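Report on the following structure.
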Amino acid sequence: VGGPADAVTRGSEQLRALVDAGRDNFLWERLATLAAPGASPEALAAARKDALSRLPNGGSKSPAADLITRISAAAQPTLLAPSHIMGLLAALDSTSAAAHFDGAVAAAANLAVAAAKSAPSLCCSAMPLVVSMVTANPPRGELACTTAVRVLRHAARYCPLVPGAAAGAAEKAVGAGEGGGRRRAAGQEDAEEREEEEGGGEEEEEGGEEEEEGSPAAKMKKPTGKTAAASRHKQQQHQPKSQRDRQAATAAETRTAVLRALTALCQGPYGKAAKAAVHALWAVAGAQEGEGLVRRVAERLAAGLRQGCEEEEATPAVVQAMGSVGEVAPLVFAEHAESFAAFICEHYMTAALRHRPPSSQYLASPNLLSPPTSETDVDGSPGGPPRPSAGILLKCAALRAVCRGCTPDAEAPAALAVAVPTATVDVVSGPVEDLLVRLLSIEEDLDEYIIGGGGGDGGGNGGGNGGGGVRVETDRAHLRQAAAAGLLRLATRHDSRLAPGTYVSLALVMQDPVMEVRRAFGEEVRLFLHSSLQLGRRAHVTAKFAALLPLAAMDPIPHHRDAAARTLLEVVLLQRARAQQQATAAAAGDGGGGTSGGAGAAAGGGATAAGGGGRPSLADHPEFLLPFLVYVLGHHPDCPPVPATGWPRSKDSQAAQAQADEEQEQELPDPEEFRPFQDMLQFALEPLLTASRSSSGGGGGGG
């Protein structure tokens, strides 16, 4: 199954032993499940646990247990191997990577994080290196430290911090792993077991190991006829016990060191590392212990977010960490939500931030709106768009952190998302929403934010209004884009609480005068709609934000118009299909069409509940976007005003009407002024009519 030469030799021996010892047909069925491509983590965890329990001579401590773990990892399709992840992290940890930061090194870091997120079992062999990078004192360079913390965040539940740790040691160390806990399936399984055994201590964990050894499957396969064999088996029982004790002690020490290092990284020096450190702290400690740790961390963070601390070097990292607290522990964040929002909205956003972000972060994102291209160098060369002020980058990151903290479970299915605490809701409906709406305005005077951000360049790039009109407009554009993205994220959990005027201001970002803002926000809206359909958000939320896409009809960039049209058509087709599924299931009754209808209702995002009795409501149909679109167009700043004397009516008196006609001719808007609004309405009606014709044709053919 691959790996070093000694591992291959050991694997072949284990395979022969498995063939000789595995006489249980169910064992081979479980191995087939482990080797099946596309199996869910839950199915892999259950199959692996059952397969290990059927092994003779010790179950998970059988010599063939490691082989089963390796088979389950190697059989899943992947373009990477554990050795690749180890090599990537080792390269990032090298001095040459720290000295010569470039796009290739950043891409390698992103690849390692993506692998840890999608296939955490690939990181098991690299965990010792990850631990050393996280616990280094002083911290490694920003890129190496941040990458290690991100990898730990995603892999901690599936890989033990100490390789080869026994079930109890790994469980105490990272809250994931059974019988070595080296792969993804075991991590998911043990996470579920921890939830079922709240308050379980070390004695219960050790008792679980002994119980596994004495399972019925193991007893069936134990040799019972020979005293010598029984004696050897007894000796094997005692030898692993001492090893498990040593591994447990090592795992406990490593776990303590990792928790201490993560707690320190939450307070700096790197903002992105602090953002991920809170999540990693929660993953390593587990939900039960993690809440207490995060509470203590939040108290320290809140103490560092007070008036007068805006320009301290650690403040950007503390802001990012506090936003992550709201994601992992909403109740803890609610205790500090008011003070956190007040610090950001009243002090941090108006401060003159004169320190630039760490060098690698600053170089990695010179322009949030325009990624580097052949014409835009990462060092802000004159050939490309102007780079925003360093202070503006920090303020945009702070806006995102506040919105993250106020939207826990933003990417969770609607039925599983935790409730947002009242204190957090009050903050969103108050200072946070007011600030974001103000930043969205094109005519609003934002000098108090721009001057503070522009003065912090610390170099020869100029700052604030003194740096020229181009720099000011670039800074304003970045603030608008960050505010729009923040409001869109708030809509995932607080849509019903946002004011109608906020919705109109957000919709107008689709027609922002800066092309990069339109492009970035259009991508955000399309991602929001796709996730809404996948996560099952309420149907009227999907319709409400699908109504933003027709405003792209006036975009002079053809690519933007085409992308909006494609997304709108996809949304309309999916919503119409789901509404038809629900209607069919409701007509068939709970008995006949319950299965397919239930699946469609679940995908429809709670629309069944809104409609009552399983029948789709009006909000479940794609046409429900039209009222929202009409509202936006009616409040559009370019919408021609209604004449003060009213629209023309039937002429009753020629004498009295002559003067009224003359006044109306002067007040009536030019019909050409309505042409853009006609185009935007047509942009919305075309996919509705197309989807209606296709569904009618499909229905006729099926009948």
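Counting from 1, one number per residue, gives the positions in the sequence shown under the UniProt record's numbering.
Each residue gets a CB set at the ideal place from its N, CA and C atoms; glycine is no exception.
Nothing here was measured: the structure is a model prediction, and the numbers come from that model.
For Asn137, which residues of its own chain have a beta-carbon under 8 Å away from its beta-carbon, when the five flanking residues on both sides are left out? Here residue 137 is taken as the residue at index 137 of the sequence shown, counted from 1. Contacts found: Ala261.
Quick one: residues in its chain with C-beta nearer than 6 Å to the C-beta of Ala401, no 5 flanking neighbours on either side, listed in chain order? Taking the first residue of the sequence shown as 1, we reach residue 401 at position 401. Val319, Gln320 and Gly323.
Since Leu394 contacts Leu353 with CB under 8 Å, what's their CB separation in whole angstroms? As a position in the sequence shown, residue 394 is number 394, starting the count at 1. As a position in the sequence shown, residue 353 is number 353, starting the count at 1. Yes, Leu394 and Leu353 are in contact; Cβ-Cβ is about 5 Å, under 8 Å.
Once you ignore the five residues that flank Leu633 on each side, which residues in its own chain have a CB closer than 6 Å to its CB? As a working mapping, residue 633 is identified with position 633 in the sequence shown. Contacts found: Phe677.
Check this for me: beta carbons of Leu80 and Leu129, under 7 Å apart or not? Working through the sequence shown from its first residue, we reach residue 80 at position 80. Working through the sequence shown from its first residue, we reach residue 129 at position 129. No. Outside cutoff.
Would you tell me roughly how many angstroms separate the C-alpha atoms of Arg489 and Arg246, rounded to the nearest one? Indexing the sequence shown from 1 puts residue 489 at position 489. Indexing the sequence shown from 1 puts residue 246 at position 246. One C-alpha to the other measures close to 47 Å.
beta-carbon Ser496 near the ligand MN non-hydrogen atom, thresh 6 Å: For the ligand MN, the structure offers nothing, since it holds no ligand at all.
Bounding residues of the alpha helix (DSSP H) (the contiguous stretch that carries Ile392): Against the sequence shown, residue 392 aligns to sequence position 392. Per DSSP, Ile392 belongs to the alpha helix (DSSP H) from Ala390 to Gly405.
DSSP state of Gly268 mapped onto helix, strand, coil: The residue you call residue 268 lines up with position 268 of the sequence shown. In this structure, Gly268 counts as coil in the three-state DSSP scheme.
Among Gln307, Thr492, Ser389 and Thr350, whose alpha-carbon lies nearest the alpha-carbon of Glu411? Indexing the sequence shown from 1 puts residue 411 at position 411. The alpha carbon of Glu411 has as its nearest neighbour, out of Gln307, Thr492, Ser389 and Thr350, the alpha carbon of Thr492.
Measure how close the beta-carbons of Thr502 and Glu570 come, nearest whole angstrom, since I'm counting them as under 8 Å. Counting from one through the sequence shown, the residue named residue 502 turns up at place 502. Counting from one through the sequence shown, the residue named residue 570 turns up at place 570. That pair is no contact at about 26 Å.
Would you identify the three-state DSSP class for Gly201, choosing helix, strand or coil? One-based indexing of the sequence shown puts residue 201 at position 201. Confidence in Gly201 is poor, its pLDDT being 38 and thus under 50, which makes the residue's placement too unreliable to answer from.
Sequence-distant residues of its chain with Cβ nearer than 6 Å to Asp512 (five each side left out): Stepping through the sequence shown from its first residue, residue 512 is reached at position 512. So the list reads Arg518, once near-sequence residues are dropped.
Over the uninterrupted alpha helix (DSSP H) stretch that includes Glu142, give me the two end residues. Taking the first residue of the sequence shown as 1, we reach residue 142 at position 142. It spans Glu142 to Ala155 - the alpha helix (DSSP H) in which Glu142 sits, taken as one unbroken run.
Exposed or buried, which one is Thr542 when buried takes at least 16 other CB atoms within 10 Å? For the purposes of this step, residue 542 is taken as residue 542 along the sequence shown, with counting starting at 1. Counting Cβ neighbours within 10 Å, Thr542 comes out buried, since at least 16 surround it.
Inspect the beta-carbon positions of Met133 and Ala144 and report whether they are closer than 7 Å. Numbered from 1 along the sequence shown, position 133 holds the residue referred to as residue 133. Numbered from 1 along the sequence shown, position 144 holds the residue referred to as residue 144. Yes, the pair counts as a contact, with Cβ atoms nearer than the cut-off.
Look up Ile344 in the DSSP assignment and say whether it is helix, strand or coil. Your numbering for residue 344 matches position 344 in the sequence shown. In this structure, Ile344 counts as helix in the three-state DSSP scheme.
To the nearest angstrom, how far is it from the Cα of Phe683 to the Cα of Gln575? If you number the sequence shown from 1, residue 683 lands on position 683. If you number the sequence shown from 1, residue 575 lands on position 575. Cα to Cα, the separation comes out at about 18 Å.
Which two residues bound the contiguous alpha helix (DSSP H) that contains Glu433? Here residue 433 refers to the residue found at position 433 of the sequence shown. Run containing Glu433: Glu433 to Leu440, per the alpha helix (DSSP H) assignment.
Nearest residue (CA-CA) to Ala485, options Val437, Asp445 and Glu443: On the sequence shown, position 485 is the one that residue 485 refers to. Considering only alpha carbons, the answer is Val437.
Could you work out which residue in Ala32, Glu253 and Cys266 is closest to Leu161 when comparing CA atoms only? Indexing the sequence shown from 1 puts residue 161 at position 161. Comparing Cα-Cα distances from Leu161 to each of Ala32, Glu253 and Cys266, the minimum goes to Glu253.
Between the CA atoms of Val509 and Leu629 - distance to the nearest angstrom: In the sequence shown, residue 629 corresponds to position 629, counting from 1. In the sequence shown, residue 509 corresponds to position 509, counting from 1. Each residue's Cα considered, the two are about 14 Å apart.
Keeping to the same chain, check which residues put their C-beta closer than 8 Å to that of residue 704; ignore five residues upstream and five downstream. The displayed coordinates of the chain run from 1 to 703. Any statement about residue 704 would go beyond what the structure contains.
By a C-beta neighbour count over all protein chains shown, 10 Å radius and 16 as the cutoff for buried, is His559 buried or exposed? Here residue 559 refers to the residue found at position 559 when the sequence shown is read from its first residue. Classification of His559: exposed, given that the 10 Å Cβ count is below 16.
Hey, Thr350 and Glu289: beta-carbon distance below 7 Å or not? Locating residue 350 in the sequence shown gives position 350, counting from the first residue. Locating residue 289 in the sequence shown gives position 289, counting from the first residue. No. Outside cutoff.
Taking a contact to mean a Cβ-Cβ separation below 7 Å, would you say Val427 touches Ala337 in this structure? In the sequence shown, counting from the first residue as 1, residue 427 sits at position 427. In the sequence shown, counting from the first residue as 1, residue 337 sits at position 337. The answer is yes: Cβ separation under 7 Å.
Ser617 by DSSP, collapsed to three states: which one? The sequence position of residue 617 within the sequence shown is 617, counting from 1. Ser617 falls in the coil class under three-state DSSP.
Does the Cβ-Cβ distance between Ala564 and Met680 come in under 7 Å? On the sequence shown, position 564 is the one that residue 564 refers to. On the sequence shown, position 680 is the one that residue 680 refers to. Not in contact: Ala564 and Met680 (Cβ atoms no closer than 7 Å).
When burial is assigned at 16 or more other CB atoms within 10 Å of the CB, is Arg387 buried or exposed? Residue mapping note: residue 387 aligns to position 387 of the sequence shown, counting from 1. Result: buried.
Where Leu305 sits in the DSSP three-state scheme: On the sequence shown, residue 305 is found 305 positions in, with the first residue counted as 1. Three-state DSSP puts Leu305 in coil, outside helix and strand.
Helix, strand or coil for Thr263? Go by DSSP, reduced to three states. Taking the first residue of the sequence shown as 1, we reach residue 263 at position 263. Helix, per DSSP.
For Cys639, which option in Leu535, Val325, Val504 and Ala287 has the closest C-alpha, if you only look at C-alpha atoms? Along the sequence shown, read from residue 1 onward, the residue named residue 639 stands at position 639. The shortest C-alpha separation from Cys639 is found at Val504.
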